[in-house]
Amino acid sequence: MRRINASHWLSSVAIVSLASLPAPAIAQDAAAPAAGETQDSAADGVPGEAIIVTGSRVARSGLNAPTPMTVIGSDLTEDLGQNNIGEMIRLIPQNLPAQSDTNVGYLNSANAGSSFVNLRGLNPASGTRTLTLVNTRRFVPSSDGGAVDLNVIPSVLIERVETVTGGASAAYGSDAVAGVVNIILDQKFTGFKSEVNYGQTSRGEGKSWFGSAAYGSSFAQDRGHFAVALEYQKQGGIGACSEVRDWCAESWDIFTNEENVLIDGSPSGYNVPGSPGYGLPNFVVGPNSKLAANDSRGVTRNRGPAPIGARNMIFSEDGLSIRPFDQGRFVAANGLNSRQGGEGESIYADSALRAEVKRVVGYGYGSFEVTPDWTLSTELTYAHRESSARIGTTGIRSTYFVNADNAFLPEELRTLLNGASFSLGKDFDQQVKTTNSIEADIFRGLLAVKGDLGGSWVVDAYYQYGTNTRKQVADRARVNTPFIYALDAVVDPNTGNIVCAETLEADPDPVSQGCVPMNLFGTSNLSQEAIDYVYRPIYEDFKFRQHAASVSIRGALFEGRDAGPVGLAAGVDFRSENGDVYHHDIPNYEDYGLTFGLDYAGSIKVIETFGEINVPVFRDSPIGRSLEIDLAGRWTRNTSHNLVTDEKKTINAFSWKIGGIYQPFDMLRFRATRSRDIRVAGFRELFEIQAVAEAGSPQGIVDNGNIPGSPGLGDDDTEVINGGSFALGAEKADTTTVGAVFEPSFIPGLRLGVDWYQIKIANAVTAVARQQIVDYCEDYNVFCDRITYASPTDITFIDARLVNLGRFTARGVDIEMEYRIPLDKVFARAAGQLNLRVLGTYQYDFLIQPSTDAPAIDFAGQSAQQRDNNDFNPAPKWRWTGFLSYKNGPFTATTAVRHVGSGKLDVTKTGPEDSGYDPSLPDSISTNRVKSATYVSIGMSYALPAFGRAEALELFGVVDNLFDKDPPVAPGGGRAALGSAYPTNPIHFDTLGMRWKVGARLKF
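Per mature numbering (1 follows the signal peptide of the UniProt record, and there is no 0): the sequence shown = residues -27 to -1, 1 to 977.
Take a look at the structure:
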């Protein structure tokens, strides 16, 4: 074949591309040495050799990368019995998995059972700031927020997972603000391997099965290669929290002790002298949390127009009598917050510990060397995921009342009412159980070509098409008007039957046709016919299509001198994405108490040019062993089209990166990077449309400080709109990393890396909660333009849609240590090898500023989830994971230790452990500390001969949370507040307890 003499042409194209912008990685940037290979020989690798993320082709620690990188290899995850990538990524302490199958809660999330990457805890509520790649290419998003579900990647062919903990937008484009996770599949796999395993908790629940198989082979005299894989997992769900775990049944929470809160029936508060709560702080941490003025039997709430004598009464189990209700302590006037003690169910009764998940993943890869210089390849991925979890049923809103002529009322209560109506508090979840079910189908097809253009120059090009089809259904959602009609049950004067009052009207509402009277009093009087009339299923269908294409070249721009060739990579990326969210044509959809929002649709098209140049400055110089400098840049043009409103807009952005590696002598290497990274708002952030929350509903009430004498009581009913905003612009992040790698020759096998990082995000997409908007307006004159006042004491509307106002700053230090010890070097007759590895991170700053005019709050060291919209995820300052493995022939034993340091419960509050604590201050809390937690996992395996092959059959067993350690108390405010749905934080702490898994692997 005649090769193109491409040197002059490629150099010209490369320079033009660099001038217009830069990108992917250079082979010498981070080539990690293979076993037995020296650092120098790795650095002298062949220019233009294909690399992934950082240049490493082997599962090494990443300590030689110019940008900090952590590698988790498949051998480690097999030793620990892990079967999905979400479990693998959890081993990295920089990852805070806010969306995982063990953080289900009670909400109707379409992502239940999914696992997303969340480096540094920086993911926004409706998007992602961590880019997930598969084989260095984008994968089809699994959510309308743009995140990739790690559960749909075939784990059976995982070779390694590389995590870059620094900005990488210049290399890979938008979303790579906090870092990149690159999942490398073994596309050279040859042979056959399979695995089956079974696992459950020590309590006998959460039964899970897993099976996988993969086969790979070459053909056509090794010119072609293919690999196929199939895996299936069925993971049993676990829930509800307070019913299956003692620590959850204790129901720890944060209770408010503000003015006019009731304690033992008396108005009280930290700021009310002489009251039962005086002398206690404003916030009290304690057990036995319940939803105020609620019980499964039904409660008459403490509010008008009911006479005093008819309030705070609870119905009997059969609903035929009443008695005084033990309402507990710290009872808020609005009845929407948590309370301590009294009668009723735990506030965490509706929170599942783990979603039920079924997944099937199929994968195929093929490549063929058309000529010695050109290779075609293709990939096909199909994944099907089903998940389900019980969620909270929407109950009565505070605006619903029961009339005194209700036919089901006990006569005793009717007498006390004396013709007045009353507000009913009832927990429906024991009688009307709601399940949120999701099915998702993901397809990805890819066609790629790689060619040798002559010299060191290589071209890579690919086209990718992907789809994501998701169907979600909640089987019971309350329809408000039928609910009101069914609740208004009266005796028909003509027949003596109990009927819905609306049906007796001269011109009844057609909605009342088929109305079945609803008896809400007691626990067993709600008929299935009434449930079917009032509750209907709701649906959400999400359809997403992605086209992506890329062309890039790389090679040596010129040879340079003794330092080595100057490497270059440049190219063009294109991506087109279309999404449609549809909720079916449900009549009177706006009348539903629970919805998935309104229909929305949009498209995003992105075209980018990029380039990156690697310049070796010197090698074996009097001033050092070597010095390399990297320069990269990327120009991005992002065009969005709102298909509902027909609005269009275009955003242009430039990202860049400067990095360097300096090695003064063989044992020590310094590395540093500075980058400008960008993120353009994703599909949901731009296009989501939510229904306006009704004034007086749990989502339509705020504390208005302009109303005198009633702070903190939820005293102002107002309409609220949440959701996305098409006005969102691009986020900009400036990232700096500085670190060193130490490999002492006097301690063979030891490698130590330490890196300092700083990420500063401006124009951050921020979800500001309705109460935050009111508070910031009152305190700092910020967000006032998002509030509509009829008068200072009457808020009528709040716009809580997403805005580009936030500033986030994260600073800390990452540590990675690896020590490999052949035991025969220590003890003459010892056998085997001992491997020790520690990954750690210490984050000392996590500054969140909702607006440039508002003060920044440092959330570093907070262990509980933040309470407002989950727009970021704070963490204890110190977290680390350690691994110790021993291998001797067919036997392997591995221990993993994951440590989460102690922290504060809420950094915005002051407890007795903090300086400046004063129980008379509004920020006071009874305790502000969360204990540390350490979890131990252990895995063992033994390989046996099978089918005429040595060590072909491997038997293994794994125990996680070996000591069955309960999570520490770390509530986020209870179900009524926007925050944790558990009395702990499942992002950091293990909520399942001890669990085990046994299985077998076959390889030949």
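We put the CB at the ideal spot given by N, CA and C, even for glycine.
Given residue 182 as reference, the closest of 699, 205, 968 and 597 once Cα atoms are compared: 205
Exposed or buried, what is residue 445 when buried is set at 16 or more other beta-carbons lying within 10 Å of its beta-carbon? buried
Quick one: is residue 959 buried, meaning 16 or more other Cβ sit within 10 Å of its Cβ, or exposed? buried
Drop a sphere of 10 angstroms on the beta-carbon of residue 555, count the other beta-carbons inside from all chains shown, and report buried for 16 or more, exposed for fewer. exposed
Those runs of the beta strand (DSSP E) which lie wholly inside the segment 270 to 294 and span at least 3 residues: 286 to 288
Going by beta-carbon coordinates alone, are residue 577 and residue 550 separated by less than 8 Å? yes
Residues in its own chain within less than 6 Å of residue 981 by CB, not counting five upstream and five downstream? Because the chain is modelled from -27 through 977, residue 981 falls outside the range shown and cannot be assessed.
Can you check whether the CB of residue 318 is closer than 8 Å to the CB of residue 263? yes
Check this for me: beta carbons of residue 286 and residue 297, under 8 Å apart or not? yes
Under the DSSP definition of a beta bridge, which residues are partnered with residue 183? 170 and 206
Considering just the uninterrupted stretch of the beta strand (DSSP E) at residue 473, what are its terminal residues? 471 to 473
DSSP beta-bridge partners for residue 944? According to DSSP, which records beta bridges pairwise, residue 944 is partnered with nothing at all.
Using only the alpha-carbon positions, how far apart do residue 584 and residue 598 sit? 27 Å
If we count the other Cβ atoms within 10 Å of its Cβ and call it buried at 16 or more, is residue 614 buried or exposed? buried
Once the 5 residues before and after residue 975 are set aside, which same chain residues still bring their CB inside 6 Å of it? 167 and 926
Taking the alpha helix (DSSP H) that residue 745 falls in, what are its first and last residues? 743 to 753
Taking C-beta to C-beta, are residue 972 and residue 920 nearer than 8 Å? no
Could you tell me the boundaries of the beta strand (DSSP E) in which residue 494 lies? Element bounds for residue 494: n/a, residue is neither H nor E.
Taking 8 Å as the threshold (beta carbon to beta carbon), is residue 216 in contact with chain B? In the displayed structure, chain B is absent; only one protein chain is listed.
Do residue 284 and residue 301 have their C-beta atoms closer together than 8 Å? no
Span of the alpha helix (DSSP H) holding residue 619? Taken as a continuous stretch (DSSP letters only), residue 619 belongs to no alpha helix (DSSP H), as it is neither H nor E.
Does residue 640 come out as helix, strand or coil in the three-state DSSP assignment? coil
DSSP three-state assignment for residue 483, whether helix, strand or coil: helix
Residues of its chain near residue 679, where Cβ-Cβ distance is below 6 Å and the 5 sequence neighbours each way are ignored: 765 and 766
For residue 546, is the classification buried or exposed, using 16 other Cβ atoms within 10 angstroms of its Cβ as the cut-off for buried? buried
Can you tell which of 46, 42, 43 and 51 has its C-alpha closest to the C-alpha of residue 916? 51
Which residue's Cα is closest to the Cα of residue 956: 726, 945, 800 and 966? 945
Can you give me the start and stop residues for the beta strand (DSSP E) that residue 145 sits inside? Looking at the DSSP string, residue 145 is not in any beta strand (DSSP E); the run it does join, the alpha helix (DSSP H), is 142 to 145.
Could you tell me the distance, in whole angstroms, from the CA atom of residue 452 to the CA atom of residue 163? 57 Å
Going straight from the alpha carbon of residue 274 to that of residue 152, what length do you get? 50 Å
Sort out for me which residues DSSP pairs residue 831 with in a bridge. 820
Ignoring anything shorter than 3 residues or poking outside the segment 652 to 705, list the beta strand (DSSP E) runs there in chain order. 692 to 694
Should residue 19 go down as buried or exposed, given a rule of 16 or more other Cβ atoms within 10 Å for buried? With a pLDDT of 37 at residue 19, under the threshold of 50, the modelled position of this residue cannot be trusted; read the value that follows with caution. Label assigned to residue 19: exposed.
By the three-class DSSP mapping on this structure, what secondary structure does residue 979 have? The requested residue 979 is not part of the displayed model; the chain covers only -27 to 977.
Alpha carbon of residue 430 to alpha carbon of residue 145, nearest angstrom: 21 Å
Is residue 47 helix, strand or coil by DSSP? helix
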